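Residue numbers (my numbering), protein chains in the order written: chain Y, 785 to 1155; chain W, 785 to 1155.
Below: one structure, written as structure tokens.
2 protein chains.
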Amino acid sequence: MSPTVGVIGGGQLARMMIPAAVNLGIDLRVLAENDGESAGLAVSQLGDYRNTADVLQFAQGVDVVTFDHEHVPQAVLAALVEAGVAVRPGPHALLYAQDKLLMRERLSALGLPVPAWARVADEAQLDAFLAENGGAGVLKTPTGGYDGKGVRIVRSAAEASDWFGSGDLLVEELVSFRRELAQLVARRPSGDVATWSLVESVQRDGVCAEVIAPAPNATSRVADVAREIAHTVAEQLDVTGVLAVELFETTDERLLVNELAMRPHNTGHWSMDGAVTGQFEQHLRAVLDLPLGSTAQREPYSVMVNVLGGPLNGTLAERYPALMSAQPTVKVHNYGKAPRPGRKVGHVTASGAELDEVVYLARAAAAHFEG
Amino acid sequence: MSPTVGVIGGGQLARMMIPAAVNLGIDLRVLAENDGESAGLAVSQLGDYRNTADVLQFAQGVDVVTFDHEHVPQAVLAALVEAGVAVRPGPHALLYAQDKLLMRERLSALGLPVPAWARVADEAQLDAFLAENGGAGVLKTPTGGYDGKGVRIVRSAAEASDWFGSGDLLVEELVSFRRELAQLVARRPSGDVATWSLVESVQRDGVCAEVIAPAPNATSRVADVAREIAHTVAEQLDVTGVLAVELFETTDERLLVNELAMRPHNTGHWSMDGAVTGQFEQHLRAVLDLPLGSTAQREPYSVMVNVLGGPLNGTLAERYPALMSAQPTVKVHNYGKAPRPGRKVGHVTASGAELDEVVYLARAAAAHFEG
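Listed below in structure tokens is the structure:
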């Protein structure tokens, strides 16, 4: 009777779909690998997302399958499609979030702005690229990387000799950027597209640490270009659900596409509290092909700060009395994960009219979870 | 490791605690009577809230027990307290939400403004009250009534002869009121109290149909008096968690206390989308004795309209395409209950700066679920 959405993966992105699903009366079912994962409340089956039988069993009786992560193998996705399951985003789109080489090739073919890049099969090809691009580059494994993993800066191929031998690599120019931006967009199968504010994201050790919505001092031209890029990617790659386009804003005011994520994304967490329709509700609407909600900001500024690692001793909740007493307006999100150095265990969002104050509130709130 | 809250009752109030619990990393466990109730996702045990053994078993391992409804017998509550379980609100407070005669006696003793009332044991006493109060009155069964049940207007005791014989009844004057208001307040055990905006509630057939926050054209004196009444009730009755004080605003600008509810309440549903801290998050904070969140409104006006009954044919979700297409800013809440005439199956909330427009948006959205 209720619309039923199956989510492959039991991490915090699946978890944060639960509130939206409860509000809208959507039956959310999660396929997790283990007991006790972040989205545990909605887990309907334990299984391996790489195992076709597990995934086909999970998909029985759901209206649509979507994802907490992008690691489901294409063969498994193909089996779902073969079995008549609605998969959103579809395998033909997810491919470009799974393989950075294919992504670079496709975006280049579409004429979208990307850093200089090359497919390199050996050290000689890498050295040739470095020589042509100022002597440095960013080397990436095409698949499997996230949060700074599978990425390294290299100044000679010899530094990266250990990465060769298991397939081609992607090398990109070391972009001289002023800051990183992200454009979040949602698209439903029947075509509607909605974008949220262009945001600024601050990375620390390759991990998103802070997001400011909207990106301060972004010119309307930059905002227009970002929106246009996101529309083009969503439409040309036939992405359904939420898509995050991570961008470099260069020192000469160009935008270059850095990464794509075809799911709700850390750079959109602010929208849960800061936009009329948050990214998790919008993702559920989009994959169910329902009309998209307003993406307007509820306050002039929202700032999200990740809780990375969490307390050295004890739980996040033990810090609530001090945090909530000091910060009655900040919204706290706790992913229910054990604290561990560098692990994303939660986030906080502050909203208001004065950027400096909002940044202060969010950072001060997150600081309660440190040490 | 996580704070754990046990909720007795599996209705929509327990359901709407789930999003707040997920966000804050609270382990929410629900004791429901049957499979498939509104809060089904969080049900940890099926059982009878009137059965002490069931309730004691449910309470094992939770930090605090709270409620979806006020019907848990005092004997069961006493057994919980005896067993060392934190029960919030406590039995000594809940008593006044369970028994309207005791509530009237207590509020009168506190000097709070209430309608003229009497305890009547027989028809003669009722006729005497009616003769002294303009020939009409509102007769109520002291316990068990809600949503217009257990309440009738009488003009002679003979009309109510069928209600006598199983204990004293409460009769109240037929108040000449301009409108009904409600003051929602939250109180934590260690003492903090937070009130939301005074709201206007529109009842239809004894059921809350629409709520406007803040109550339009309420004078600051009226707002101050309402807040003071709610503070007094919360503190003097030692209520913890959310308390709703339903009020009559009389044609001569007095406020009289109508009913008390010691739990999140229909008149506070607007706060989920319209306040910085919604009533369900605040209730969880309060019963866990955490600092309370800001109750500020996020927009100048929020209007909540109940979905009563729902579609004559099909599900609420079948109406989403038309509703969401027409209303991208309205927030939809679906309680996951089968449509049935008069049943509360969901609500919608609109927010904005112009009252007329916000009322229109909310009513137009709710109308999509009718017929």
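All C-beta atoms in this analysis are idealised placements derived from N, C-alpha and C, irrespective of residue type, glycine included.
The model shown is predicted, which means the values in this text are computed figures rather than measured ones.
**Request:** Whole angstroms is fine: what's the gap from ILE802/Y's alpha carbon to SER945/Y's?
**Result:** Computed Cα separation, rounded: 44 Å.
**Asked** For chain W, is any of its Cβ atoms less than 7 Å away from the one on ALA1146/Y?
**Response** no
**Asked** When burial is assigned at 16 or more other CB atoms within 10 Å of the CB, is ARG1047/W buried or exposed?
**Response** buried
**Message:** Could you compute how far the alpha carbon of GLY795/W sits from the alpha carbon of LYS1121/W?
**Reply:** Going by the C-alpha atoms only, they are around 9 Å apart.
**Prompt:** To which residues of the same chain is ALA908/W closer than 8 Å at the C-beta, ignoring the five residues directly before and after it?
**Reply:** Cβ-Cβ distances below 8 Å link ALA908/W to ALA941 in the same chain, with the five nearest sequence neighbours on each side left out; the list follows chain order.
**Prompt:** Do you know offhand how far LEU1040/Y's Cα is from ASP952/Y's?
**Reply:** 23 Å
**Message:** Looking at chain W, is there any beta carbon in it that lies within less than 7 Å of the beta carbon of ARG1082/Y?
**Reply:** yes
**Message:** Please tell me whether THR1051/W has its Cβ less than 7 Å away from any Cβ of chain Y.
**Reply:** no
**Asked** Beta-carbon separation of ALA997/Y and GLY1062/Y under 7 Å?
**Response** no
**At least three beta-carbon pairs within less than 8 Å, the stretch 985–1000 of chain Y to the stretch 960–969 of chain Y** = yes
**Asked** For the candidate residues ARG888/Y, LEU1107/Y and LEU1076/Y, whose alpha-carbon lies nearest to that of PHE1153/Y?
**Response** LEU1107/Y
**Request:** Tell me, please, whether the CB atom of MET1088/W is closer than 7 Å to any CB atom in chain Y?
**Result:** no
**Asked** Does the beta carbon of MET801/Y come closer than 7 Å to any beta carbon on chain W?
**Response** no
**Message:** I'd like to know if VAL991/Y contacts chain W, where contact means its C-beta is closer than 7 Å to some C-beta of that chain.
**Reply:** Taking CB atoms only, VAL991/Y has no neighbour in chain W less than 7 Å away.
**Request:** Could you tell me if THR1079/Y is buried or exposed, where buried requires 16 or more neighbouring beta carbons within 10 angstroms of its beta carbon?
**Result:** buried
**Item:** Counted within 10 angstroms of its Cβ, other Cβ atoms place ARG986/Y as buried (16 or more) or exposed
**Value:** According to the sequence displayed, residue 986/Y carries Val and not Arg. That one is exposed.
**Asked** So HIS1117/W is in the beta strand (DSSP E); what residue range does that whole segment cover?
**Response** Looking at the DSSP string, the run of the beta strand (DSSP E) that includes HIS1117/W is 1115–1118.
**Request:** For SER1101/Y, return the contacting residues in chain W, with the cut-off set at a CB-CB distance below 7 Å.
**Result:** Correcting the residue type first, residue 1101/Y is Ala in the shown sequence and not Ser. Residues of chain W passing the Cβ test: SER786, PRO787 and GLY809.
**Item:** Of the residues TYR833/Y, VAL1114/Y and GLU1037/Y, the one placed nearest HIS855/Y, counting alpha carbons only
**Value:** TYR833/Y
**Item:** Whole-angstrom distance between VAL1006/Y and VAL1090/Y, CA atom to CA atom
**Value:** Checking the sequence, you will find Asn at residue 1090/Y rather than Val. One Cα belongs to ASN1090/Y, the other to VAL1006/Y, and the distance between them is close to 26 Å.
**Message:** What would DSSP say about GLN1081/Y, mapped onto helix, strand or coil?
**Reply:** strand
**Item:** is_contact[TYR1104/W, chain Y] using C-beta, thresh 7 Å
**Value:** yes
**Message:** Pairs of beta-carbons, one from the stretch 1069–1088 of chain W and one from the stretch 1096–1113 of chain Y, closer than 8 Å: are there three or more?
**Reply:** yes
**Prompt:** If we call anything under 7 Å between Cβ atoms a contact, is LYS924/W one with LYS884/W?
**Reply:** yes
**Request:** Could you spell out where the alpha helix (DSSP H) holding LYS884/Y opens and where it closes?
**Result:** 884–893
**Asked** What residues from chain W crowd round VAL955/Y, counting only those whose CB sits closer than 7 Å?
**Response** The premise fails here: VAL955/Y is roughly 41 Å from chain W at the closest Cβ pair, so nothing lies under 7 Å.
**Item:** Test: ASN818/W CB closer than 7 Å to a CB of chain Y
**Value:** No, ASN818/W does not count as interfacial toward chain Y.
**Message:** Strictly below 9 Å CB to CB, what residues from chain W border GLU1113/Y?
**Reply:** As written in the sequence, residue 1113/Y is Thr, which differs from the Glu given in the question. The answer, in chain order, is VAL1060, THR1061, GLY1077, SER1078 and ALA1080.
**Asked** Going along the chain, which unbroken runs of the alpha helix (DSSP H) with 4 or more residues stay wholly within the stretch 807–860 of chain W?
**Response** If only complete runs of 4 or more residues are kept, the stretch 807–860 of chain W shows the alpha helix (DSSP H) at 836–843, in order along the chain.
**Request:** Would you kindly report the start and end of the unbroken alpha helix (DSSP H) that includes VAL1142/W?
**Result:** 1139–1151
**Message:** Please list, in chain order, the chain W residues whose beta carbon lies closer than 8 Å to that of MET1046/Y.
**Reply:** Those do not exist, as MET1046/Y stays about 22 Å from chain W at its closest Cβ, beyond 8 Å.
**Asked** Among residues of its own chain, excluding the 5 on either side of PRO1009/Y, which ones have a beta-carbon nearer than 7 Å to its beta-carbon?
**Response** The sequence given here has Val at residue 1009/Y, not Pro. Excluding residues within five positions, the ones whose Cβ falls inside 7 Å are LEU1039.
**Message:** I'd like to know if HIS876/Y contacts chain W, where contact means its C-beta is closer than 7 Å to some C-beta of that chain.
**Reply:** no
**Asked** Which residue spans inside the stretch 1023–1075 of chain Y form an unbroken alpha helix (DSSP H) run of at least 4?
**Response** 1055–1058 and 1063–1071
**Proximity of ALA1028/Y and HIS1015/Y at Cβ, strictly below 7 Å** = no
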